[in-house]
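Position in the sequence shown counted from 1, then plus 4, gives you our numbering.
What follows is one structure encoded as structure tokens, with my remarks underneath.
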Amino acid sequence: MKTTNLIIWVFSAVLIISCNKDYLNRFPEDSPNSATYYTTADQLTLAINAAYNNLSYQQDGFPYQMQLEGTSDIIWQRPATDAQTIGLGQHTSNTTMIKTLWTQFYSGIGKCNMLLDNMAKAKSVTPAALYTRIDGEARFLRAYYYGNLIALYGDVPLVDKSIGAAESFLPRTPQADVLNFIFRDLDSATAKLSLSYTGTDIGRATKTSAMAFKARMALYYAKWDIAAASSKAVMDLAYHSLYPNYRNLFMFAGENSKETIFNFDYKLTVRTTATPINNQARNAGGYSGLIPTRALADSYECTDGLPIDKSPLYTTADPFKNRDPRMRQTLLGEGDTWFGTGGITFNMTFHPDSATCTKFTPAPLAKIANQEVTNAFSSYSGFIMKKYLDPIDLAVSNQSELAFMLIRYAEVLLTYAEAKIELNQIDATVLDAINQVRARGYGVTVAQTTLYPAITTTNQTALRTIIRRERKIELAGEGLRLFDIRRWKIAEKVMNGILFGKALNKSIYYSLPMPTLDENASPDYSSFNSLVGVVGNFKIMDNPRVFKPFNYLWPIPQVDIDVNKNPGFVQNTGY
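Right under this line is the structure:
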């Protein structure tokens with residue numbers, strides 16, 4: 005098999021699965037040989053386990069999905085990472101993250117292809133239900149990896165079988181053809197996979213994983229009828245539901261809840277994530293590494309259901325006051341009581357005069373240094389991401405076992421609503437899907453319309469703005485924003501220019517101009533530009549971001565361009 009970096013089709017030397025902590029520990033000493041392997045049920049299980057492993061890429065301790073958020077308008081990542089380079093528009097075909105994800109996804113596809121090509125050898129000795137499940141899992145994972153490839157790179161080589169080196173110099177297949185292949189694999193997986201699993205199989209791809217991913221892919225490519233039908237099929241099964249507490253959904257309390265449709269699990273002895281220490285506040289011993297921007301904070305509505313530029317409830321003096329509860333459940337803000345190492349709890353403050361803050365526990369009550377203000381590498385924006393931060397992880401904050409959700413039910417509801425809105429088939433089911441998500445943010449049921457600002461309009465234009473705002477704030481930090489601003493063709497508007505946070509100058513800390521929000525629920529900070537360099541720093545970084553039309557796709561890794569001389573394998577325009 006081919007061993008160059010072109011496309012790694014060979015089996016990983018370390019066969020480990022990602023989904024359930026009980027079976028993360030098994031990995032054979034050597035890579036399998038297709039001539040002698042795949043002959044027993046155990047070997048098939050190990051082979052499919054290995055294919056899950058390619059979901060696990062991390063850089064700087066973050067799952068790659070979080071890093072993708074750092075290439076969007078709502079998150080900035082520090083220190084100088086590939087996500088930051090891509091966000092600045094300075095990436096090339098040699099950028100590590102761009103090369104690694106290409107290889108990671110194709111390696112996973114290769115594992116699935118080899119398994120599907122060879123698993124019939126073990127059919128007679130494998131229980132029928134297990135054999136069918138493994139076949140379905142392989143098709144789901146192959147579709148998942150191809151879905152990510154076309155979303156990031158556009159046209160890509162399509163291979164549905166294991167190949168040798170002589171066959172690997174392939175042309176790029178049109179994105180539309182790859183998408184149809186993805187749909188076929190997902191339909192097959194849907195028929196083969198069960199609705200749920202028990203015991204050590206909890207966490208594997210299920211029937212609804214395939215259905216929900218099909219809905220996502222259809223949404224990305226404006227296949228509105230398919231997106232609506234696939235998401236509605238998940239809803240009609242009535243198996244999944246929203247977890248009642250939005251904040252706790254992203255903590256161990258909400259792990260593997262009925263909202264989870266597909267996730268990536270971690271185990272201390274095999275693979276962990278350093279998300280807690282990277283996202284945690286400085287006073288809690290963290291790095292404040294994934295920085296929410298002002299563009300995210302200003303996107304949350306007020307409790308009257310109006311955006312900040314329309315609501316009389318909004319005040320720059322207290323931006324968290326009277327806001328959608330999801331804002332404070334997602335972002336660590338002024339006045340929050342927060343937790344740190346050694347059982348410490350303290351009040352958060354980002355005001356530039358606040359050199360100290362109050363420590364509540366352990367006793368006695370005392371003032372301590374406020375590193376979010378005094379530390380040279382503070383939060384930068386005045387906001388910190390709360391998602392996937394749980395006090396349980398404080399003991400070893402760089403080795404978290406908290407699973408990361410790749411697909412969840414709230415996304416399905418919003419996919420259904422958006423698809424129906426674009427089809428202009430707006431009815432009570434559309435409003436109910438949106439309102440379920442909104443009501444959960446307020447901690448109430450969808451029927452308690454006096455306790456949250458329920459959506460009642462059926463105007464298509466108004467609903468388009470609402471659904472785009474809902475996706476931005478509900479799914480913030482989960483790896484989907486980059487794909488949304490690409491498919492809506494708004495990246496050139498939201499990615500170009502300066503990234504703003506709170507003002508570090510006390511004279512304007514609470515009195516910056518109010519931005520206006522456009523039809524995409526994106527803040528316009530034109531009124532800030534005249535203040536840059538005059539009243540003090542409220543820029544997250546000095547260099548403005550740049551997004552050019554060709555940045556809607558990433559470049560094909562240069563190593564592959566250099567090796568593959570097939571005339572149908574060419575670089576994306578602009579790189």
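Ideal Cβ positions, reconstructed from N, Cα and C, are used throughout, including at glycine.
Q: Find out if the Cβ-Cβ distance for the pair F573, N282 is shorter than 8 Å.
A: No. Outside cutoff.
Q. In the structure shown, what three-state DSSP assignment does R208 receive?
A. coil
**Q.** Terminal residues of the alpha helix (DSSP H) in which Q284 lies
**A.** Run containing Q284: none; DSSP gives neither H nor E here.
**Q.** Contacts around L134, its chain only, beta-carbon distance under 8 Å, and the 5 residues preceding and following it disregarded
**A.** The answer, listed in chain order, is A45, L48, T49.
Q. Straight-line CA distance for R220 to K227?
A. So the alpha carbons of these two residues sit roughly 10 Å apart.
**Q.** Start-to-end residues for the alpha helix (DSSP H) that takes in A195
**A.** 179-196
(Q) Between which residues of its own chain and F144 is the CB-CB distance below 8 Å, once the five residues before and five after are set aside? (A) D189, L190, A193, L197, A209, S213, A214, F217
**Q.** Cβ neighbours of R146 in the same chain (closer than 6 Å, five flanking residues each side left out)
**A.** I113, C116, D189
**Q.** One or two residues paired with I79 in a DSSP bridge
**A.** DSSP, once it has assigned bridges, lists P296 as partnering I79.
Q.
Are the CB atoms of G258 and N252 within a distance shorter than 8 Å?
A. yes
Q: Kindly list the residues whose CB is nearer than 8 Å to the CB of A195, restricted to its own chain and excluding five residues on each side of it in sequence; keep chain order.
A: G140
Q) What are the start and end residues of the alpha helix (DSSP H) that includes N439? A) 432-446
Q) Do L77 and T297 have their C-beta atoms closer together than 8 Å? A) The amino acid at residue 77 is misidentified as Leu; the sequence shows Asp. Yes, they are a contact pair.
(Q) If you follow the alpha helix (DSSP H) that N581 is in, where does it begin and where does it stop? (A) Because the chain spans 5 through 579 in this model, residue 581 falls outside it and cannot be assessed.
Q) So, helix, strand or coil for L583, using DSSP? A) In this structure the chain extends from 5 to 579, so residue 583 is not present and cannot be described.
Q. What three-state label does DSSP hand R176 in the structure shown?
A. coil
Q: Quick one: grab the DSSP three-state call for G74.
A: coil
Q.
Per the DSSP calculation, G501 is bridged to which residue(s)?
A. R549
Q: Give the C-beta separation of S172 and Q575 to the nearest angstrom, bearing in mind that I take them to be a contact with Cβ-Cβ under 8 Å.
A: Not really, about 18 Å apart at Cβ, beyond 8 Å.
(Q) Between which residues of its own chain and D488 is the CB-CB distance below 7 Å, once the five residues before and five after are set aside? (A) R475
Q) L467 to L427, Cα distance in whole Å? A) Approximately 12 Å between the Cα atoms of the pair.
Q: Entirely within the region 228-275 and at least 4 residues each: give me those alpha helix (DSSP H) ranges in chain order.
A: 228-241, 250-253
Q | L393 beta carbon less than 8 Å from that of Q81 | A | no
**Q.** Given 8 Å, three or more beta-carbon pairs between the region 352-372 and the region 221-240
**A.** By the Cβ criterion, the region 352-372 is not in contact with the region 221-240, since fewer than three pairs of Cβ atoms, one from each stretch, lie closer than 8 Å.
Q.
Could you check whether G445 and N249 sit closer than 8 Å to each other, using their CB atoms as the reference points?
A. no
Q: Indicate the three-state DSSP secondary structure (helix, strand or coil) for Q69 in the structure shown.
A: Q69: helix per DSSP, three-state reduction.
Q: In the DSSP assignment, find the beta strand (DSSP E) that holds T341 and state where it starts and stops.
A: 341-343
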